[in-house]
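Okay, structure first, notes after.
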Amino acid sequence: SILGGLSASGWHTCAMFMRMLCDAFLLDSTCQGAPGVDQVKWKKPVLAGDTLRGNLVVLARRLSKSKPQLGFVTMRSELVNQRGESVFELENSIMFLTRDAEGSLS
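Right, here's the structure in full:
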(Lines of atoms letter the chains of each structure in order from A and count residues from 1; the text may use other names and numbers.)
(Lines give C-alpha, C1' and ligand atoms only; values in the text may rest on other atoms or scores of the structure.)
Protein backbone atom coordinates (compact mmCIF):
# COMPACT_ATOMS: atom_id res chain seq x y z
CA SER A 1 0.00 0.00 0.00
CA ILE A 2 1.11 3.59 -0.52
CA LEU A 3 0.75 4.09 3.25
CA GLY A 4 3.15 1.29 4.17
CA GLY A 5 0.59 -1.26 5.34
CA LEU A 6 -2.97 -1.72 6.50
CA SER A 7 -4.41 1.57 7.76
CA ALA A 8 -7.60 2.82 9.38
CA SER A 9 -9.84 5.14 7.39
CA GLY A 10 -10.13 8.69 8.66
CA TRP A 11 -13.70 8.06 9.79
CA HIS A 12 -12.65 4.91 11.64
CA THR A 13 -10.06 7.04 13.44
CA CYS A 14 -12.85 9.54 14.29
CA ALA A 15 -14.97 6.69 15.66
CA MET A 16 -12.09 5.42 17.82
CA PHE A 17 -11.55 8.94 19.13
CA MET A 18 -15.24 9.38 20.01
CA ARG A 19 -15.24 6.06 21.88
CA MET A 20 -12.16 7.13 23.85
CA LEU A 21 -13.70 10.55 24.62
CA CYS A 22 -17.00 9.05 25.77
CA ASP A 23 -15.39 6.37 27.95
CA ALA A 24 -12.87 8.74 29.54
CA PHE A 25 -15.00 11.84 29.98
CA LEU A 26 -18.41 12.41 28.42
CA LEU A 27 -20.37 9.49 29.91
CA ASP A 28 -19.64 10.77 33.44
CA SER A 29 -20.41 14.41 32.61
CA THR A 30 -23.52 16.53 32.07
CA CYS A 31 -22.97 16.45 28.28
CA GLN A 32 -26.14 17.27 26.34
CA GLY A 33 -24.78 16.72 22.83
CA ALA A 34 -22.89 18.76 20.28
CA PRO A 35 -24.03 21.06 17.48
CA GLY A 36 -21.39 19.67 15.11
CA VAL A 37 -17.69 19.63 14.31
CA ASP A 38 -15.84 22.81 13.35
CA GLN A 39 -12.69 21.16 12.00
CA VAL A 40 -11.20 17.70 11.56
CA LYS A 41 -7.68 16.89 10.34
CA TRP A 42 -6.27 13.48 9.51
CA LYS A 43 -2.58 14.28 9.81
CA LYS A 44 -0.88 10.88 9.45
CA PRO A 45 -2.09 7.35 8.70
CA VAL A 46 -3.10 5.17 11.64
CA LEU A 47 -1.48 1.82 10.87
CA ALA A 48 -2.38 -1.65 12.14
CA GLY A 49 -0.74 -2.12 15.53
CA ASP A 50 -0.52 1.59 16.38
CA THR A 51 -1.30 2.58 19.96
CA LEU A 52 -3.17 5.87 20.31
CA ARG A 53 -3.60 8.26 23.23
CA GLY A 54 -5.68 11.39 23.36
CA ASN A 55 -5.13 14.98 24.47
CA LEU A 56 -7.81 17.63 24.92
CA VAL A 57 -7.44 21.39 25.39
CA VAL A 58 -10.33 23.72 26.27
CA LEU A 59 -10.23 26.75 23.97
CA ALA A 60 -13.32 28.67 25.11
CA ARG A 61 -16.55 28.47 27.07
CA ARG A 62 -19.78 30.44 26.94
CA LEU A 63 -23.36 30.30 28.15
CA SER A 64 -26.15 29.61 25.70
CA LYS A 65 -28.04 32.79 24.78
CA SER A 66 -31.38 30.99 24.42
CA LYS A 67 -31.05 28.28 27.11
CA PRO A 68 -29.30 29.56 30.26
CA GLN A 69 -29.11 26.03 31.71
CA LEU A 70 -26.66 25.10 28.92
CA GLY A 71 -23.05 26.07 28.39
CA PHE A 72 -20.86 25.48 25.34
CA VAL A 73 -17.26 24.34 25.72
CA THR A 74 -15.06 24.60 22.62
CA MET A 75 -12.16 22.19 22.61
CA ARG A 76 -9.36 20.92 20.43
CA SER A 77 -8.68 17.20 20.68
CA GLU A 78 -5.75 15.24 19.32
CA LEU A 79 -4.74 11.61 18.92
CA VAL A 80 -1.03 10.78 19.13
CA ASN A 81 0.57 7.45 18.19
CA GLN A 82 3.24 5.52 20.09
CA ARG A 83 5.96 7.44 18.22
CA GLY A 84 4.60 10.77 19.55
CA GLU A 85 3.26 11.75 16.12
CA SER A 86 -0.03 13.65 15.95
CA VAL A 87 -2.32 11.59 13.69
CA PHE A 88 -5.69 13.33 14.18
CA GLU A 89 -7.09 16.68 15.34
CA LEU A 90 -10.68 17.70 15.95
CA GLU A 91 -12.13 21.04 17.03
CA ASN A 92 -15.73 21.25 18.21
CA SER A 93 -18.12 22.56 20.83
CA ILE A 94 -20.01 20.39 23.30
CA MET A 95 -23.07 21.42 25.33
CA PHE A 96 -23.09 20.79 29.09
CA LEU A 97 -25.62 21.52 31.81
CA THR A 98 -24.52 24.46 33.95
CA ARG A 99 -24.56 24.91 37.72
CA ASP A 100 -26.49 27.63 39.52
CA ALA A 101 -24.92 29.99 42.08
CA GLU A 102 -25.29 27.34 44.82
CA GLY A 103 -23.52 24.70 42.74
CA SER A 104 -26.61 22.65 41.85
CA LEU A 105 -27.12 21.48 38.29
CA SER A 106 -29.66 23.53 36.33
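Residue numbers for the sequence shown follow the working numbering, so the first one is 203 and each next one is one higher.
For each residue, glycine too, the CB sits at the ideal point set by N, CA and C.
query                                                                                    : result
At which residues does the alpha helix (DSSP H) containing Leu281 begin and terminate?   : Looking at the DSSP string, Leu281 is not in any alpha helix (DSSP H); the run it does join, the beta strand (DSSP E), is Leu272 to Val282.
Is the beta carbon of Asn294 closer than 8 Å to that of Asp240?                          : yes
Between the beta-carbon of Met277 and the beta-carbon of Gly235, is there less than 8 Å? : no
Check Gly212 in the structure and name its three-state DSSP category.                    : helix
For Lys223, does the three-state DSSP call read helix, strand or coil?                   : Correcting the residue type first, residue 223 is Leu in the shown sequence and not Lys. DSSP places Leu223 in helix when its eight states are reduced to three.
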